[in-house]
Amino acid sequence: MFWTNTKRIIRSGFTNFWRNGFISLSSVLIMVITLFVIGSAIFLGAVLQSSLAQLKNKVDINVYFVTTAVEGDVLAVKKSVEGLAEVANVEYVSREDALAKFEERHKNDQLTLQALEELDDNPLGAALNIKAKDPSQYEAIAAFFKSDDALSRNGSSIIDKINYYQNKNAIDKLTKIIQSAEKVSFGLTILLVVLSVIITFNTIRLTIFTSREEISVMRLVGANNMYIRGPFVVSGIIYGIISAVLTLLIFYPVTLSLKGVTENFFTGINLFEYYIANFAQIFLLIVCSGILMGAVSSFLAVRRYLKI
Amino acid sequence: MIYFDKVSKFYGSNCVALEDITFSVEPQEFISIVGHSGAGKTTLLKMILAEEKPTKGGVFYESVNINSLRKSEINHFRRKIGTIFQDFRLLPNKTAYENIAFAMEVAGRSDEEIEADVPYVFELVDLTPKMHNFPHQLSGGEKQRVAIARAIVNHPDIIIADEPTGNLDPINTYEIVQILKKVHSLGTTVILTTHNKGVIDSIGKRVVTLDQGKIVRDDKEGKYSL
Chain A
1 MFWTNTKRII RSGFTNFWRN GFISLSSVLI MVITLFVIGS AIFLGAVLQS SLAQLKNKVD
61 INVYFVTTAV EGDVLAVKKS VEGLAEVANV EYVSREDALA KFEERHKNDQ LTLQALEELD
121 DNPLGAALNI KAKDPSQYEA IAAFFKSDDA LSRNGSSIID KINYYQNKNA IDKLTKIIQS
181 AEKVSFGLTI LLVVLSVIIT FNTIRLTIFT SREEISVMRL VGANNMYIRG PFVVSGIIYG
241 IISAVLTLLI FYPVTLSLKG VTENFFTGIN LFEYYIANFA QIFLLIVCSG ILMGAVSSFL
301 AVRRYLKI
Chain B
1 MIYFDKVSKF YGSNCVALED ITFSVEPQEF ISIVGHSGAG KTTLLKMILA EEKPTKGGVF
61 YESVNINSLR KSEINHFRRK IGTIFQDFRL LPNKTAYENI AFAMEVAGRS DEEIEADVPY
121 VFELVDLTPK MHNFPHQLSG GEKQRVAIAR AIVNHPDIII ADEPTGNLDP INTYEIVQIL
181 KKVHSLGTTV ILTTHNKGVI DSIGKRVVTL DQGKIVRDDK EGKYSL
């Protein structure tokens, strides 16, 4: 009997979906919008994360050593900096590397190169490029250099300058922007998702409101709750699946057209490739959200009319 | 079979729908309940269906108090009763056939039984050619015949007909009454409410008259008198 009932409920859900064509269509449309918002939230998150990661990557502090500093001393400093908990990685640029980089950068600038040749010694000192795990930690790293006495030899420091103090303002600002961007986007995403879920829920409630007479008739014929509710929940699930598939289809041209824009603008993320690469997760998330929304809102909406 | 024991129903504090109603319905009886609009006929029927609860007193079905039934028991109880309404109350998104099949499905009947019984009841109400039409494609009289078919398909103990002819012309009214008489002659108890004098007079069975929530007459072979 259980299987007969299940079969009948599912069949009835499909028939209702089909025969209430117009109502089904409007529910599907609203749900597509909701799922689109949820999907967009995922993409927005990805874009934001990648651009924040890019920004964070650009922030570093450079410690320049005096030209007379011995390589062994510099490497010793590198080792002790690497030991700090806040540090993500340290790149050593030797005097020769620094010179090569300088020449590479100014290869079209004959005047500068000539001037460089006039000098009999390499004027550039070695440097350490330090990346912190989080932009807010640069202060602590900079402080480390200030306090460490081991950095000096014969009373004079081997450190020429630390550009953190010149960049401090910019770094602080960036840190704040990153932090608030993360907060705002998270809040906005939640708000949008909640709003569209509410709209979907109400739409489905309205579609079931139009069936309230039917529900009362079913009740009077002696149908039990499961038998009345089942087909509505099945229809809700069908709304969810169809809307999810439509949404996923819509995202294909949308991300494809945004491909160029996002690549140029945010450098680093290509939305289309992101969509294709993460299709399995996005598919699962969208389809599950659709099914869940359809089923839960139908289930709750019918409850009101089951009281007779 | 059905016994009303000093039943009163108040809506709010000063609206009296039924007051101190005591009467019983015997098995295989054909009982008509008449009265003006607002006399309490529909409320009385709703109590038999456990749609409304009495404020005072109790309604019994074969010595079981209907109001003490649990929800799942109410579903089972309602399957023993076939109901027919003035406004037909068919499921608009189901064909006539499916409307009747639905009543059988909820009663837990098998697909084979449904396939065998549904055409049979359509024959009984003389509507076989329109079996697969939707309700909106049927006339009022035809809809009511579908509703009767739905009411009788599960072989109920009782048929409750709440002004079944209220929306119908005289010819359809006559036909519906004939069908109800046929159903009764097959051994089903019928409880009918109406304010159609012709219907009551042509049936010639027990008539209970309600006025302002009270039983004012109860005649064995009554005529319409108000």
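Protein chains in written order, with UniProt numbering: chain A, 1 to 308; chain B, 1 to 226. Glycine included, every Cβ here is placed at the ideal spot set by N, Cα and C.
Query	Result
Whether A/Phe145 touches A/Ile159 by CB criterion (8 Å)	yes
Amino acids of chain A, ordered along the chain, whose beta-carbon sits closer than 8 Å to that of B/Leu91	Glu214, Val217, Met218
Residue of A/Lys58, A/Val63, A/Ser94, A/Glu82 minimising C-alpha distance to A/Gly72	A/Ser94
Inter-residue Cα distance where the pair is residue 230 of chain B and B/Leu138	Only positions 1 to 226 of chain B appear in the structure, and residue 230 of chain B is not among them; the question remains open.
Burial state of A/Asn129, where buried means 16 or more other Cβ atoms lie within 10 Å	exposed
Length of the line joining the Cα atoms of B/Arg217 and B/Asn196	17 Å
Bridge partner(s) assigned by DSSP for A/Ile162	A/Val63
One or two residues paired with A/Phe279 in a DSSP bridge	In the DSSP output, where bridge partners are listed per residue, A/Phe279 has none listed.
Members of the segment 16–27 of chain A that neighbour chain D once the beta carbon cut-off is set at 7 Å	Judged by its chain identifiers, the structure shown contains no chain D, and its protein chains are A and B.
Simplified DSSP state of A/Leu128, which is helix, strand or coil	strand
Within-8 Å CB hit, B/Thr189 to chain A	no
Closer than 8 Å at the beta carbon, the chain A residues around B/Val106	Met218, Val221, Gly222, Ala223, Asn224, Tyr227
B/Arg206 - DSSP class collapsed to helix/strand/coil	strand
Beta-carbon neighbours of A/Arg8, restricted to chain B and to distances below 7 Å	Glu105
A/Phe186 classed as buried or exposed, judged by whether at least 16 other C-beta atoms fall within 10 angstroms	exposed
Run of the beta strand (DSSP E) containing A/Asn89, from where it starts to where it stops	87–93
Given 8 Å, three or more beta-carbon pairs between the segment 216–230 of chain A and the segment 51–68 of chain A	no
Beta-carbon gap between A/Val234 and A/Ile30 smaller than 8 Å	no
Inter-residue spacing [alpha-carbon to alpha-carbon] between B/Ile2 and A/Arg219	21 Å
Touch test, the segment 272–282 of chain A against the segment 208–216 of chain A, Cβ-Cβ under 8 Å, three pairs minimum	no
Residue from B/Asn14, B/Phe122, B/Pro156 with nearest C-alpha to B/Glu142	B/Phe122
Beta-carbon gap between A/Thr200 and A/Thr34 smaller than 8 Å	yes
Between the CA atoms of A/Gln281 and A/Val81 - distance to the nearest angstrom	40 Å
Neighbourhood of A/Leu113 by C-beta distance below 8 Å, restricted to the same chain and skipping five residues each side	Glu103, His106, Lys107
A/Ala301 vs A/Ile208 beta-carbon contact at 8 Å	yes
Run of the alpha helix (DSSP H) containing residue 310 of chain A, from where it starts to where it stops	It is not possible to answer for residue 310 of chain A, since the shown part of chain A is limited to 1 through 308.
Per-residue contacts from B/Thr83 into chain A (C-beta, under 7 Å)	Leu220
Contacting positions in the segment 25–51 of chain B - beta carbon closer than 8 Å to chain A	Leu49, Glu51
Start-to-end residues for the beta strand (DSSP E) that takes in B/Asp5	2–11
Bridge partner(s) assigned by DSSP for B/Gly58	B/Asp5
Close Cβ partners of B/Leu69 (< 8 Å) along its chain, the five nearest in sequence each way excluded	Ala50, Phe77
Proximal chain B residues relative to A/Met31, where beta-carbon distance stays under 9 Å	Going along chain B, no residue has its Cβ under 9 Å from A/Met31, so there is no contact; the nearest lies around 21 Å.
Residue from B/Pro156, B/Gln178, B/Lys71, B/Ser24 with nearest C-alpha to B/Arg145	B/Gln178
Chain A contact for B/Asn75 (CB, 8 Å cutoff)	yes
Cut-off 7 Å between Cβ atoms - residues of its own chain near A/Ser289, not counting five sequence neighbours on either side	Leu35, Ile38
Option nearest A/Ile250 by Cα separation, candidates A/Pro231, A/Gly222, A/Ile286	A/Ile286
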